[in-house]
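Undergrad: In the working numbering, the protein residues as written are 1 to 571. Glycine is no exception: its CB is placed at the ideal position from the N, C-alpha and C atoms. Starting off with a structure, shown below.
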Amino acid sequence: MILSARDELVAALIKTGRELWDIDVSPEIAIPENMDFGDLATNLPFQLARELRRSPAQIAGELSGALKLPASFKSAEPAGGFINFKFSDEFLRVLLAEIIDKPADFGGMPPHGGKVNIEFVSANPTGPLNVVSARAAAVGSALVNILRHAGRDTSSEYYLNDAGNQIRELAVSFVLRIIEQRGFAVEFGRDSYRGDYLADEAVLFADSNETAVEELFSQIGDFRGTFSPEWAQDFFDEDPKRKAIFNGLQSSILERMANSIRETLDGFRTSIDTFFRETALRESGEVAETIEFLRAKGLTFEEDGALWFDTPTIDPAEEPFVLVKSDGQWTYGAVDIAYHKNKIERGFDEIYDIWGPDHHGHIGRMKAAIKALGFEGKFEVLTLQQVNLLEGGEKVKMSKREGNIVTLAELVEDVGVDVARFFFIARRMEAHLDFDLDLARAESDENPVYYVQYAHARISGILEHAKNRGFDPRADRKELASLIHPEELALARKLAQWPFALANSAEEMAPHQLCFYLIELAQAFHPFYAKHRVVSDDEAVTMARVALCRAIKETLALGLGLLGISAPENM
RNA sequence: GCGCCUGUAGCUCAGCUGGAUAGAGCAACGGACUUCUAAUCCGUAGGCCACAGGUUCGAAUCCUGUCAGGCGCGCCA
Numbered sequence: 001m002i003l004s005a006r007d008e009l010v011a012a013l014i015k016t017g018r019e020l021w022d023i024d025v026s027p028e029i030a031i032p033e034n035m036d037f038g039d040l041a042t043n044l045p046f047q048l049a050r051e052l053r054r055s056p057a058q059i060a061g062e063l064s065g066a067l068k069l070p071a072s073f074k075s076a077e078p079a080g081g082f083i084n085f086k087f088s089d090e091f092l093r094v095l096l097a098e099i100i101d102k103p104a105d106f107g108g109m110p111p112h113g114g115k116v117n118i119e120f121v122s123a124n125p126t127g128p129l130n131v132v133s134a135r136a137a138a139v140g141s142a143l144v145n146i147l148r149h150a151g152r153d154t155s156s157e158y159y160l161n162d163a164g165n166q167i168r169e170l171a172v173s174f175v176l177r178i179i180e181q182r183g184f185a186v187e188f189g190r191d192s193y194r195g196d197y198l199a200d201e202a203v204l205f206a207d208s209n210e211t212a213v214e215e216l217f218s219q220i221g222d223f224r225g226t227f228s229p230e231w232a233q234d235f236f237d238e239d240p241k242r243k244a245i246f247n248g249l250q251s252s253i254l255e256r257m258a259n260s261i262r263e264t265l266d267g268f269r270t271s272i273d274t275f276f277r278e279t280a281l282r283e284s285g286e287v288a289e290t291i292e293f294l295r296a297k298g299l300t301f302e303e304d305g306a307l308w309f310d311t312p313t314i315d316p317a318e319e320p321f322v323l324v325k326s327d328g329q330w331t332y333g334a335v336d337i338a339y340h341k342n343k344i345e346r347g348f349d350e351i352y353d354i355w356g357p358d359h360h361g362h363i364g365r366m367k368a369a370i371k372a373l374g375f376e377g378k379f380e381v382l383t384l385q386q387v388n389l390l391e392g393g394e395k396v397k398m399s400k401r402e403g404n405i406v407t408l409a410e411l412v413e414d415v416g417v418d419v420a421r422f423f424f425i426a427r428r429m430e431a432h433l434d435f436d437l438d439l440a441r442a443e444s445d446e447n448p449v450y451y452v453q454y455a456h457a458r459i460s461g462i463l464e465h466a467k468n469r470g471f472d473p474r475a476d477r478k479e480l481a482s483l484i485h486p487e488e489l490a491l492a493r494k495l496a497q498w499p500f501a502l503a504n505s506a507e508e509m510a511p512h513q514l515c516f517y518l519i520e521l522a523q524a525f526h527p528f529y530a531k532h533r534v535v536s537d538d539e540a541v542t543m544a545r546v547a548l549c550r551a552i553k554e555t556l557a558l559g560l561g562l563l564g565i566s567a568p569e570n571m
């Protein structure tokens, strides 16, 4: 409704441009930085100044004078080279009624555009998710929610690297932990996963899989040398039976890790539509097919026994990279190209990957490969910058090797899902994030997330109180229409910005904008609350204010919901 | 050396597809709870928008260069 009011305004401006000067104008409509100016504004006079050879102020005057204002607006005021527009009171009342009527739809758009796929987190299933994955999960899931509300058919995806050396390494570490758990001394290698979580998994596994463990030890027999990754390599490769045992253990630990990741994400209000397995891709023949396709197009060359993708023929700024190693193995890059091809073939028109800054070097290559496959323009990488944890003003040092990484699960345990999500989302993706643990832990006014939640809880209390006094929060539309006071209209005007905030957030793939909108909305509500009583002896005023409160509450709840943050009834 | 991200109030950050007096939260200072939630509100103070040029009617925003911090430049994933 709001957006159509804007469109009406644009149409009226275009019409006036033709009438006055016989030219086609393309007005930009924006929300003025200061709400005192108005609800919407255009800088069209600035843009016409040169062509019309008149001052912007003069043009603004003429244009606003001749403009036939749509019914949704009550005024058009020239201000220098701007024209400021104000919504009519009636328009705002209808808006409030609409919000109360269908709160879940507010700001929503009808389905439009093609299918969107957003891939994020995609951490290797070799250990628990860390805080970098936490940021990706928060931002990615919020983005998916926002795009859906904005009318985009959107799917979330996690690429599960369940093949390759690191999985084998995981399995070896796991086996060593099982052996260790029996009381034998083991030695880990440089590439081993030494985190405590594998020792814990080994205990859990041994408790519920006695036969598998006995099988393993029956093969080991009375071997009493050093149990190490090198030992494992020789021992399990020696005969097919052992190999089978190892493979069984490998898939066990892999499934355990994958499930643990899934559970952690669920607990972080991040639902993934598709966990896509690398092994499925490898086994399907698509990787070989993709490589063959590129080779047939003459986009590859052989050197040092390896097959290279000749990137510069697609993009001169990029360097060639290896698709097939000299030992015949596909590289990660080759498999990843096939994976993206697979996504497109699954019917996605827009593919977004949220990558960390450490993968920046692959963007150009991947885009070149996508272009070579004939899918140019369908693939974008959203680079999400890194996370530093701060405690006592100092960076928390994290090192995988020393096993002192802070996991997503620990972070949630520490500060809670709401706080963690808010901190992660309330920042531009490109901005490096300093996550202040002390601030996040503080259950006080120092913590910005509570500001928004508190507004919601306060309103909930008011509505409860109103109900007890006989005022039904589901205010009647007609009463609402005649009973709104000027101060309340200011709040309604802030609500009217929600659809713009949502649309911009979706268009720019920028979830953080919603955080700031919600802070602003809460900021508009709290002073109103301090100044005015909602429930009073004046029935008409009470009804109107109750309705207004309900509209604000619904919008806060909707916005927080899209961000995956709870909207508490009381605090 | 090359590439990407960042540099805005004491701190953490918005604003960056050029537009109105550069904003918010926290911290600081002074006020406000017999009332629907003080996790709140009102007020004060706080800025060569890293620096230097350029483009423009207009630059925090675009371009060039410099400085500072982070990340990346493997037949690793």
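Please determine, among 515, 546, 523, the residue with the shortest C-alpha to C-alpha distance to residue 559.
TA: Within the first sequence, the letter at position 559 stands for residue 559. When each option's Cα is compared against that of residue 559, the closest is 515.
Undergrad: Name the residue from 135, 343, 353, 126 whose alpha carbon lies nearest to the alpha carbon of residue 119.
TA: Here residue 119 is taken as the residue at index 119 of the first sequence, counted from 1. Answer by Cα proximity: 353.
Undergrad: From what residue to what residue does the alpha helix (DSSP H) around residue 174 run?
TA: The residue you call residue 174 lines up with position 174 of the first sequence. Run containing residue 174: 165 to 181, per the alpha helix (DSSP H) assignment.
Undergrad: Using a 10 Å radius around the Cβ and a threshold of 16 neighbouring Cβ atoms, would you call residue 111 buried or exposed?
TA: Residue numbering aside, residue 111 sits at position 111 when the first sequence is read from its first letter. Label assigned to residue 111: exposed.
Undergrad: On the three-state DSSP scale, how would you describe residue 75?
TA: Within the first sequence, numbered from 1, the residue matching residue 75 stands at position 75. Residue state, collapsed to three classes: strand.
Undergrad: Check whether the Cβ atoms of residue 437 and residue 135 lie closer than 9 Å to each other.
TA: Within the first sequence, the letter at position 437 stands for residue 437. Within the first sequence, the letter at position 135 stands for residue 135. The answer is no: Cβ separation not under 9 Å.
Undergrad: Per DSSP, which one or two residues make a beta bridge with residue 86?
TA: Indexing the first sequence from 1 puts residue 86 at position 86. Paired residues: 75.
Undergrad: Could you tell me if residue 217 is buried or exposed, where buried requires 16 or more neighbouring beta carbons within 10 angstroms of its beta carbon?
TA: Within the first sequence, residue 217 is the residue found at index 217, counting from 1. Classification for residue 217: exposed.
Undergrad: Where residue 41 and residue 63 are concerned, what is the direct C-alpha to C-alpha distance, given to the nearest angstrom?
TA: Here residue 41 refers to the residue found at position 41 of the first sequence. Here residue 63 refers to the residue found at position 63 of the first sequence. For residue 41 and residue 63, the distance between alpha carbons rounds to 13 Å.
Undergrad: So residue 249 packs on residue 171, CB below 8 Å; how close in whole Å?
TA: The residue you call residue 249 lines up with position 249 of the first sequence. The residue you call residue 171 lines up with position 171 of the first sequence. Confirmed, Cβ separation roughly 6 Å.
Undergrad: Would you mind stating whether residue 44 and residue 83 have Cβ atoms separated by less than 9 Å?
TA: On the first sequence, position 44 is the one that residue 44 refers to. On the first sequence, position 83 is the one that residue 83 refers to. Their beta carbons are under 9 Å apart, which means residue 44 touches residue 83 by this criterion.
Undergrad: Which class does residue 53 belong to by DSSP, given the choice of helix, strand or coil?
TA: As a first step, residue 53 must be located in the first sequence, where it is residue number 53. Residue 53: coil per DSSP, three-state reduction.
Undergrad: Once the 5 residues before and after residue 290 are set aside, which same chain residues still bring their CB inside 8 Å of it?
TA: As a position in the first sequence, residue 290 is number 290, starting the count at 1. Result list for residue 290: 334, 337, 338, 341, 373, in chain order.
Undergrad: Please go through the same chain and pick out, in chain order, the residues whose beta-carbon is closer than 8 Å to the beta-carbon of residue 447, but skip the five residues on each side of it.
TA: As a position in the first sequence, residue 447 is number 447, starting the count at 1. Only 419, 439, 440 meet the Cβ criterion.
Undergrad: Bridge partners of residue 277, per DSSP?
TA: Translated into the one-based positions of the first sequence, residue 277 becomes position 277. Answer by DSSP bridge pairing, in chain order: 160.
Undergrad: So, is residue 27 buried or exposed, given that buried needs 16 or more other C-beta atoms within 10 angstroms?
TA: By 1-based counting over the first sequence, the position of residue 27 is 27. Under this definition residue 27 is a buried residue.
Undergrad: On the DSSP letters alone, give me the boundaries of the alpha helix (DSSP H) that residue 558 sits inside.
TA: Reading the first sequence from its first residue, position 558 is the one you call residue 558. It spans 539 to 562 - the alpha helix (DSSP H) in which residue 558 sits, taken as one unbroken run.
Undergrad: Measuring straight from C-alpha to C-alpha, what distance separates residue 183 and residue 165?
TA: Along the first sequence, read from residue 1 onward, the residue named residue 183 stands at position 183. Along the first sequence, read from residue 1 onward, the residue named residue 165 stands at position 165. Straight-line Cα distance between these residues: approximately 27 Å.
Undergrad: Between residue 226 and the rest of its own chain, which residues show a CB-CB distance below 7 Å, the 5 nearest in sequence each way excluded?
TA: Looking up residue 226 in the first sequence gives position 226. Counting only Cβ-Cβ distances below 7 Å, and skipping sequence neighbours, we find 187.
Undergrad: Let me know if residue 574 comes out buried or exposed under the rule of 16 or more other beta-carbons within 10 Å of its beta-carbon.
TA: The shown model of the chain, from 1 to 571, leaves out residue 574, and the question about it has no answer.
Undergrad: Which one of 511, 471, 207 has the shortest CA to CA distance from residue 422?
TA: In the first sequence, counting from the first residue as 1, residue 422 sits at position 422. Answer by Cα proximity: 511.
Undergrad: Could you check if residue 149 is buried or exposed, using at least 16 other CB atoms within 10 Å of its CB as the buried criterion?
TA: To locate residue 149, count along the first sequence from 1; it is residue 149. So residue 149 counts as buried.
Undergrad: Is the number of C-beta pairs between the segment 314 to 331 and the segment 262 to 271 that are closer than 8 Å three or more?
TA: Touching, no.
Undergrad: Would you mind giving the Cβ-Cβ distance between residue 245 and residue 213, rounded to the nearest angstrom? I have them listed as a contact below 8 Å.
TA: The residue you call residue 245 lines up with position 245 of the first sequence. The residue you call residue 213 lines up with position 213 of the first sequence. That belief does not hold up - the Cβ atoms of residue 245 and residue 213 are roughly 10 Å apart, past 8 Å.
Undergrad: In chain order, what residues of the same chain have a beta carbon less than 6 Å from the beta carbon of residue 77, not counting five sequence neighbours either side?
TA: Here residue 77 refers to the residue found at position 77 of the first sequence. If we look at residue 77 and ignore the five residues flanking it on each side, its Cβ neighbours are 84.
Undergrad: Entirely within the segment 234 to 297 and at least 4 residues each: give me those alpha helix (DSSP H) ranges in chain order.
TA: Listed in chain order, the complete alpha helix (DSSP H) runs (minimum 4 residues) inside the segment 234 to 297 are 240 to 267, 278 to 284, 286 to 296.
Undergrad: Please return the same chain residues whose Cβ sits closer than 6 Å to the Cβ of residue 498, not counting the five positions on each side in sequence.
TA: Start at 1 with the first residue of the first sequence, and residue 498 comes out as number 498. Hits under 6 Å: 107, 555.
Undergrad: Helix, strand or coil for residue 435, going by three-state DSSP, please let me know.
TA: As a first step, residue 435 must be located in the first sequence, where it is residue number 435. Residue 435: strand per DSSP, three-state reduction.
Undergrad: List the DSSP bridge partners of residue 115.
TA: Taking the first sequence and counting its residues from 1, one reaches residue 115 at position 115. Per DSSP, 153.
Undergrad: When the Cα of residue 566 is compared with those of 457, 231, 541, 538, which residue comes out closest?
TA: Residue numbering aside, residue 566 sits at position 566 when the first sequence is read from its first letter. That would be 457, whose Cα lies nearest to the Cα of residue 566.
Undergrad: From the DSSP output, in three-state form, read off residue 8 for me.
TA: Position 8 of the first sequence, counting from 1, holds the residue named residue 8. In this structure, residue 8 counts as helix in the three-state DSSP scheme.
Undergrad: Buried or exposed: residue 435, going by 16 or more other Cβ atoms within 10 Å of its Cβ?
TA: By 1-based counting over the first sequence, the position of residue 435 is 435. The residue in question, residue 435, is buried, as its Cβ has 16 or more Cβ neighbours within 10 Å.
Undergrad: Tell me the DSSP secondary structure of residue 331 in three-state form.
TA: If you number the first sequence from 1, residue 331 lands on position 331. Of the three classes helix, strand and coil, the one that applies to residue 331 here is coil, per DSSP.
Undergrad: I need the boundaries of the beta strand (DSSP E) containing residue 383, first residue and last residue.
TA: Residue numbering aside, residue 383 sits at position 383 when the first sequence is read from its first letter. Unbroken beta strand (DSSP E) run through residue 383: 379 to 383.
Undergrad: Three Cβ pairs or more, each shorter than 8 Å: is that satisfied between the segment 124 to 138 and the segment 257 to 267?
TA: With a cut-off of 8 Å, the segment 257 to 267 and the segment 124 to 138 count as touching, because enough Cβ pairs lie within range.
Undergrad: Less than 9 Å between the beta carbons of residue 321 and residue 282, yes or no?
TA: Reading the first sequence from its first residue, position 321 is the one you call residue 321. Reading the first sequence from its first residue, position 282 is the one you call residue 282. No, they are not a contact pair.
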